[in-house]
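> Its first residue numbered 1010, the sequence shown is counted upward by one per residue in our numbering.
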Amino acid sequence: MRNKEREICANMVSRRIKSLPREWPEVREHGMPTTAIVLGTGWGDALNLETLWSVPLVWLHGFESLEQLEGHKRELIFARLNGKSVWVLSGRIHANENPIDLNLPKMVRLQTEMLLQLGVKNLILTNAAGSLSGDIKVGDIVVADGFVTLFAPKMPLWGGEFCSPEDTLDKDFRQLALKSAEGLIDAHQGGYAMVQGPFFEGRKYDKAILRMVGASTVGMSTLPESCIAALYREEGVKVLALSFITNTDSEDHSHEENVKRVNASSSKLGELISRIVAKI
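(1) If we cut at 9 Å on Cβ distances, does T1158 have a partner in chain C?
(2) Would DSSP call D1215 helix, strand or coil?
(3) Out of L1251, A1088 and R1024, state which residue places its alpha-carbon closest to the alpha-carbon of A1138.
(4) So the alpha helix (DSSP H) F1182 belongs to, where does it begin and stop?
(5) Looking at the structure shown, is S1142 part of a helix, part of a strand, or coil, going by DSSP?
(6) Contact defined as beta carbons within less than 8 Å: I believe L1185 pairs with I1285. What is the distance between those atoms, to the nearest angstrom?
(7) Buried or exposed: Y1214, going by 16 or more other Cβ atoms within 10 Å of its Cβ?
(8) Taking 6 Å as the limit between beta carbons, can you name the residues of its chain near K1115, skipping five residues before and five after?
(9) Between the alpha carbons of V1097 and S1142, how many angstroms are there, rounded?
(10) What is the DSSP secondary structure of P1174, reduced to helix, strand or coil?
(11) From the DSSP output, read off the bridge partner residues of E1084.
(12) Does N1012 come out as helix, strand or coil in the three-state DSSP assignment?
(13) Using three-state DSSP, classify N1136 as helix, strand or coil.
(14) Is L1166 helix, strand or coil when you go by DSSP?
(15) For the beta strand (DSSP E) holding T1255, just list the boundary residues, first then last.
(16) Hey, is E1244 close to the ligand HEM, as in C-beta under 8 Å from one of its heavy atoms?
(17) My output table needs one value for H1070: the three-state DSSP class, helix, strand or coil.
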């Protein structure tokens, strides 16, 4: 059961989005997107989009206190990608941002729930993550087939919203991603562990524990979005979670180096998403 107050808020935002652009005949021409892509760290310039319309998140009710990210626009984009209409969320809101903003959990939730209220059924979540396996190298893609939630922060769920984030990780969606990666980038399946951050997990002990309980990758996002999507499972919502591997399990952590590594592979990442979207 979904929290009615949060659902109503997301529905209000979705209706506001639909009413904003004067060029909305583009939607009638191309169709309301049923696919949305959430851009993770470093993925911002990967997609070869034909942007038709965009709106800054701070213009929307519920995001008024949202802080901007240096070098990243926080906006919702209506675009065409490889012949398909898509929503693209740029500047994802992380659970480890402003610790004194009491609205942060609501905004973390709203960024996903508004997409689902807009009619999204295929939710592609991207992130930059660290490898916990010697078989998974920097530059690889890992398609999440499950989550390790033992060390995750509090999710933006309200009382009574019992759900399993794994329920929306669709097997056919995963196979489509793996097939699309062939000949382009090395891809694997594995478990994703979320830690809150913004501090990195410890190399000496944390990584060993996460590996022991089955995780292949570790990052600071994706689980909240999957939890909210799970609340809409009965409406046919499916999730594809893609991690670009930015560091091994033994390297020193560096956010700047992580971003550089994603940017260096942006053309491959963009092509991968384009192939997936074309086949949905």
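Every residue gets a Cβ at the ideal spot worked out from N, C-alpha and C, and that includes glycine.
Bear in mind that the values here come from a model prediction, so they are computed numbers and not experimental data.
This is what the structure gives:
(1) Reference to chain C is not applicable here, since this structure consists of a single protein chain.
(2) helix
(3) L1251
(4) K1180 to A1190
(5) coil
(6) 6 Å
(7) exposed
(8) none
(9) 30 Å
(10) helix
(11) P1065 and S1099
(12) coil
(13) strand
(14) coil
(15) K1247 to N1256
(16) Inclusion of the ligand HEM in the displayed structure is not the case, the ligand content being empty and no account of it being possible.
(17) coil
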